[in-house]
Amino acid sequence: MASTPMDLDVPDGSSPANGTPSTSLHITRTLGGGLPSTSAVTEVIANFRPTKLFKREDIKDGRPQPYILSLDYDDPGELLMTSESDETIQIYKVREGRHDKQLLSKKYGVKLAKFTHNSSSIIYASTKQNDAIRYLTTHDNAFIRYFEGHTAPVTCLAMHPGNDDFISCSKDNTIRLWNAGTKNETGVLYLNTPHLAAWDPSGQVFAVGSPRSGTVLLYDHRNFDKAPVAEFDIVEACASVDARHTLQGWTKLEFANDGRSILLGTKGEGHFLLDSFNGSLKAYLHKSEGGSNRLAPGEEYTMNGGGAHGANIEGSGDCCFSQDGRYVLGGARRGAVVWDTLGNTAEKILEPVHILDDERPAAVVAMNPRFNFFATADQDLVFWLPDPHA
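Start counting the sequence shown at 513; every next residue gets the next number (my numbering).
This is the structure we're talking about:
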């Protein structure tokens, strides 16, 4: 099978006008009305190849190469943002395949950087000074406001899919609901280790993952102060396939775009695919080469690569759904793997249907919401595109 040569990042000034080649990756959209037609996910999912590699060339003088802590896209899928262990935010232009800008947060640190619904405004969690969430404009690197209230490190940020509401989770055993337009929280929930949260595609329901209690709770957003509308016992549902990670090591919580499934990522040898209506285990997505060495949200960490191969570094999760909700992409020690959620789930265990090879580990993974494109990262960032010659 043909492979796509992988480009290294080049200076931002490249363009036909100044005599250097364009870096456009010729990406086509996956979703959107009135736009050029493109291949369905199922037609290209096996053909993704590492296409562009970004290295931090500004790291010199013997300083340790930073680790990438999180990946996030803006709503149109045009921008990709990383938060990194050297207290920087890096922003990349997806369609052009180039680095756009660097933002520094040396005073407060940075992790869990997320775009709001305005592509030039972001929120992120602090890693030092205090536990505030910071709201920043990227065009001038200026703070709009701080969201204060947490008294311990933030473990997850989740933007509402349709407006500027967002959820924060913390080691202080609270979930806080916010709106970006005001500095005061709009609600607080007191729970045991509520380290992960996710919105359903409609934005009417949000889920909270509590590893120590072994439960995923579903709340009606409009009545969040009432009892949860559903409570899923992960121990009961999943102990038969991986008892160890029913009460610890949860790394990701995500709804599929069709709303029918919930992905509960773990740092173990696989991930749990749950039915979003009754919490039953649809499948255990098995990784044959073992689990992640990143810390799960809520575990202690050391910045700047304190452990061997990033073992003391947090991550935003090494698994995610494809845009159509059918496939799950997972990070591996050399590239990525793909599970087909419609595959034969004999004994509730699914093995990968595709192995996407690369020489670099994929400790964090994120699928673009609009394009046939995904990114993986550990210390380097890799852009993946379908091979047009496959």
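Glycine is no exception: its CB is placed at the ideal position from the N, C-alpha and C atoms.
Requested in this report: Pull up the distance between the alpha-carbon of Ala878 and that of Pro864, whole angstroms please.
Outcome: 17 Å
Query raised in the report: Pick from Gly837, Ser804, Asp754: whose alpha carbon is nearest that of Lys860?
Result: Asp754
Query raised in the report: Which first and last residues belong to the beta strand (DSSP E) in which Ile656 is found?
Result: 654-659
Query raised in the report: Is the beta carbon of Phe718 less than 8 Å from the beta carbon of Ile679?
Result: yes
Requested in this report: Return the CA-CA distance between Gly847 and Ala874, expressed in angstroms with no decimal places.
Outcome: 6 Å
Query raised in the report: Where do the ends of the alpha helix (DSSP H) carrying Ala808 lie?
Result: That residue, Ala808, is in no alpha helix (DSSP H); it is neither H nor E in DSSP.
**Report entry** C-alpha gap between Tyr647 and Leu701, whole angstroms
**Finding:** 22 Å
Report task. List the endpoints of the continuous beta strand (DSSP E) containing Ile635. Result -> 633-637
Requested in this report: With Ile580 as the anchor, note down where its beta strand (DSSP E) starts and where it stops.
Outcome: 580-585
Query raised in the report: Arg610 bridges to which residues according to DSSP?
Result: Lys605
Query raised in the report: How would you write the range of the alpha helix (DSSP H) that Ser752 sits in, first residue to last?
Result: 746-754
Requested in this report: For His783, name the three-state secondary structure that DSSP assigns.
Outcome: strand
Report task. Would you list the residues sitting across from Pro898 in a DSSP beta bridge? Result -> Phe560
**Report entry** Rounded C-alpha distance that separates Ala768 from Gly574
**Finding:** 43 Å
Report task. Helix, strand or coil for Asn691, going by three-state DSSP, please let me know. Result -> strand
Query - CA nearest to the CA of Tyr796, picked from Asn630, Asp836, Thr758, Val666 - result: Thr758
Query raised in the report: With which residues is His866 paired in a DSSP beta bridge?
Result: Val850
**Report entry** His629 versus Leu708, Pro673, Arg657, Ser595, residue with shortest Cα-Cα distance
**Finding:** Pro673
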